[in-house]
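Asker: Handing you this structure, nothing more for now.
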C-alpha cells in the first residue's frame with residue numbers, strides 16, 4: 001500500500017474528496033465496483049465462471065488501450081468485421097466480463113470466446129488462474145492513464161465526475177475511486193499483481209506505447225501468441241482498421257452506440273485522443289514529480305524496464321521527453 005504525505009495545498013481536502021462517493025461505487029472484497037452496473041453477488045459468481053481452453057481474455061487497468069485492443073482482437077478473429085459484412089458492435093464481439101452491459105449469455109457464446117476485464121488477477125475466474133484460456137495484458141504509462149480517466153469521468157454517467165486533477169491524482173496513487181480497484185490496489189498493484197502471478201496464467205504482456213510505435217509488430221505478436229494465422233492482406237486490413245483515426249470513424253468500434261442513459265455525449269467522446277504523452281499538456285511539474293516519487297521507487301522490485309519521464313526543475317511539462325513505461329514480457 002502506498003502511503004505518502006500530501007502536499008500542503010491538499011491539507012484541507014475533505015474526507016469526501018478522498019473517498020469515492022457511495023452513489024457511484026460500492027466496495028466488495030476489498031475492491032471498488034460501479035454501483036449501477038453490478039451487485040456483490042455478481043462479483044462473487046465470476047470466480048466460478050467456467051473457462052474454455054479456447055477463451056481469450058484482454059486484461060487492462062482502465063484507460064490503458066482497452067477499446068483499441070478489443071478492436072484488434074475482433075478484427076483478427078472475425079472476417080465479417082474485417083470485410084465489413086457484419087454490423088456487430090465491439091461490446092458484443094468482445095464483451096466485458098464483470099459488467100455484462102448488453103446482457104449477453106456469456107456462458108453459451110460460441111468458441112472462441114473473447115472477453116475483456118479490468119479485474120485484478122485474484123478476482124478473475126478460477127479456471128483462468130489455472131492456465132486455461134489465454135490472457136493478453138496491456139499496460140500504459142500511468143500518467144497518461146490518469147489524464148485519460150480524468151476526461152473520461154466527465155461524460156460517463158456511471159462515474160463520479162472528479163472536480164480537479166489533484167483530487168484524482170491522490171485517489172489514483174492511493175487506489176481509491178477507480179472502478180474495480182481496492183484501497184490496497186493502485187495502478188501499481190494491478191500491474192504488479194498480474195506480472196508477479198504470471199506463472200498462474202497463459203499470458204502475453206504488451207504496452208500501449210509499443211503498440212503505438214509499431215502496430216503491425218504488435219498485431220503479429222498477438223496473432224503468434226493466439227495461434228492465429230492471417231494472410232498479408234488480412235494483416236494489412238487489421239492494422240489499417242485498427243488505427244485510432246479509423247476506429248473513431250467506425251460505429252462498430254467507437255462506442256457511439258452507448259445510450260444516453262450511460263453517457264452525456266455533449267461532454268466528451270469515448271475515444272478522445274489515443275496518444276502517448278498527453279499528460280505533459282495537463283500535468284504540472286510538481287504533479288509529475290509527485291507521480292515519480294510515489295511509483296518509481298515502488299517498482300524497483302519489478303523486472304520492468306521503467307523508462308520514467310524525468311524533468312529538470314522549472315522545465316515545462318510540454319518539453320519533457322516521453323518514453324514507454326516498460327518493455328513487453330511474455331510467458332507462453
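Residue numbers (the working numbering): 1 to 332.
A virtual CB, placed ideally from N, CA and C, is assigned to each residue, including glycine.
All values reported here derive from a predicted model rather than from experimental measurement.
1. Does residue 225 come out as helix, strand or coil in the three-state DSSP assignment?
2. Keeping to the same chain, check which residues put their C-beta closer than 8 angstroms to that of residue 66; ignore five residues upstream and five downstream.
3. What are the boundary residues of the beta strand (DSSP E) that includes residue 248?
4. Considering only residues of the same chain and omitting the five flanking positions on each side of residue 322, which have a CB-CB separation below 7 angstroms?
5. Please state whether DSSP places residue 81 in a helix, a strand or coil.
6. In or out: residue 107 buried (at least 16 other Cβ within 10 Å) or exposed?
7. Which class does residue 275 belong to by DSSP, given the choice of helix, strand or coil?
8. So residue 29 and residue 43 are in contact, right, with Cβ under 8 angstroms, and what is the actual spacing, rounded?
9. Can you tell me whether residue 94 is helix, strand or coil according to DSSP?
10. Identify the continuous alpha helix (DSSP H) that holds residue 38 and give its terminal residues.
11. Do the region 189-197 and the region 208-226 make contact, defined as three or more Cβ pairs closer than 8 angstroms?
12. Between the Cα of residue 244 and those of 167, 68 and 89, spot the shortest distance and give me the residue it belongs to.
13. Taking the beta carbon of residue 224 as the centre, do at least 16 other beta carbons fall within 10 Å, making it buried, or is it exposed?
14. Just the Cα atoms here: how many angstroms apart are residue 62 and residue 77?
15. Quick one: Cα of residue 221 to Cα of residue 229, how far?
16. Could you spell out the range, first to last residue, of the alpha helix (DSSP H) harbouring residue 195?
17. Confirm, please, whether the CB-CB distance from residue 70 to residue 52 is below 9 angstroms.
18. May I ask you to report which of helix, strand or coil DSSP gives residue 51?
19. Between the Cα of residue 125 and those of 56, 234, 81 and 288, spot the shortest distance and give me the residue it belongs to.
20. Assuming residue 136 contacts residue 204 under a Cβ cut-off of 8 angstroms, what Cβ separation, rounded to an integer in Å, is found between them?
21. Taking 9 angstroms as the threshold (C-beta atoms), are residue 168 and residue 295 in contact?
22. Identify every residue that forms a DSSP beta bridge with residue 60.
23. Within 10 Å of its beta-carbon, does residue 148 have 16 or more other beta-carbons around it, so buried, or fewer, so exposed?
24. Whole angstroms is fine: what's the gap from residue 73's alpha carbon to residue 45's?
25. Where do the ends of the alpha helix (DSSP H) carrying residue 172 lie?
26. Beta-carbon within less than 8 angstroms of residue 49's beta-carbon, same chain only, minus the 5 sequence neighbours each way: which residues are those?
27. Classify residue 99 as helix, strand or coil using the three-state DSSP reduction.
Answerer: By the coordinates alone:
1. Within the chain shown, residue 225 is the residue found at index 225, counting from 1. It is helical.
2. Here the question's residue 66 lines up with position 66 in the chain shown. Closer than 8 angstroms at the Cβ level, and outside the excluded window around residue 66, lie 58, 60, 116, 118 and 138.
3. Counted from its first residue, the chain shown places residue 248 at position 248. Counting along the chain, residue 248 falls outside any beta strand (DSSP E), though it belongs to the alpha helix (DSSP H) covering 244-249.
4. Numbered from 1 along the chain shown, position 322 holds the residue referred to as residue 322. Per-residue confidence for residue 322 stands at a pLDDT of 35, beneath the threshold of 50, marking its modelled position as unreliable; no derived number is given.
5. On the chain shown, residue 81 is found 81 positions in, with the first residue counted as 1. Correct three-state label for residue 81: helix.
6. Indexing the chain shown from 1 puts residue 107 at position 107. Residue 107 is exposed by the Cβ-count criterion.
7. For the purposes of this step, residue 275 is taken as the residue at position 275 of the chain shown. Of the three classes helix, strand and coil, the one that applies to residue 275 here is coil, per DSSP.
8. In the chain shown, counting from the first residue as 1, residue 29 sits at position 29. In the chain shown, counting from the first residue as 1, residue 43 sits at position 43. Confirmed, Cβ separation roughly 7 angstroms.
9. The count along the chain shown starts at 1 and reaches residue 94 at position 94. Note: residue 94 maps to coil in three-state DSSP.
10. Within the chain shown, numbered from 1, the residue matching residue 38 stands at position 38. Looking at the DSSP string, residue 38 is not in any alpha helix (DSSP H), and its letter there is neither H nor E.
11. no
12. The residue you call residue 244 lines up with position 244 of the chain shown. Checked all of 167, 68 and 89; the closest Cα to residue 244 is 68.
13. In the chain shown, counting from the first residue as 1, residue 224 sits at position 224. When all chains shown are included, residue 224 counts as exposed.
14. Counting from 1 along the chain shown, the entry for residue 62 is found at position 62. Counting from 1 along the chain shown, the entry for residue 77 is found at position 77. Using only the alpha carbons, I get a separation of about 23 angstroms.
15. Reading the chain shown from its first residue, position 221 is the one you call residue 221. Reading the chain shown from its first residue, position 229 is the one you call residue 229. Rounded to whole angstroms, residue 221 to residue 229 spans 11 angstroms at the Cα level.
16. Numbered from its first residue, the chain shown carries residue 195 at position 195. 187-196 is the extent of the alpha helix (DSSP H) around residue 195.
17. Counted from its first residue, the chain shown places residue 52 at position 52. Counted from its first residue, the chain shown places residue 70 at position 70. It is not a contact, given that the beta carbons lie outside the stated cut-off.
18. As a working mapping, residue 51 is identified with position 51 in the chain shown. Coil at residue 51, not helix or strand.
19. For this step, residue 125 is matched to residue 125 along the chain shown. Cα-wise, what sits closest to residue 125 is 56.
20. What you label residue 136 is simply residue 136 of the chain shown in a count that begins at 1. What you label residue 204 is simply residue 204 of the chain shown in a count that begins at 1. Confirmed, about 5 angstroms.
21. Residue mapping note: residue 295 aligns to position 295 of the chain shown, counting from 1. Residue mapping note: residue 168 aligns to position 168 of the chain shown, counting from 1. No, Cβ-Cβ distance for residue 295 and residue 168 is not below 9 angstroms.
22. The sequence position of residue 60 within the chain shown is 60, counting from 1. BP columns for residue 60 point to 138.
23. Here residue 148 refers to the residue found at position 148 when the chain shown is read from its first residue. It counts as buried.
24. Working through the chain shown from its first residue, we reach residue 73 at position 73. Working through the chain shown from its first residue, we reach residue 45 at position 45. One C-alpha to the other measures close to 26 angstroms.
25. Translated into the one-based positions of the chain shown, residue 172 becomes position 172. Element bounds for residue 172: 165-174.
26. Counted from its first residue, the chain shown places residue 49 at position 49. So the list reads 97, 106, 107, 125 and 127, once near-sequence residues are dropped.
27. Here residue 99 refers to the residue found at position 99 when the chain shown is read from its first residue. DSSP places residue 99 in coil when its eight states are reduced to three.
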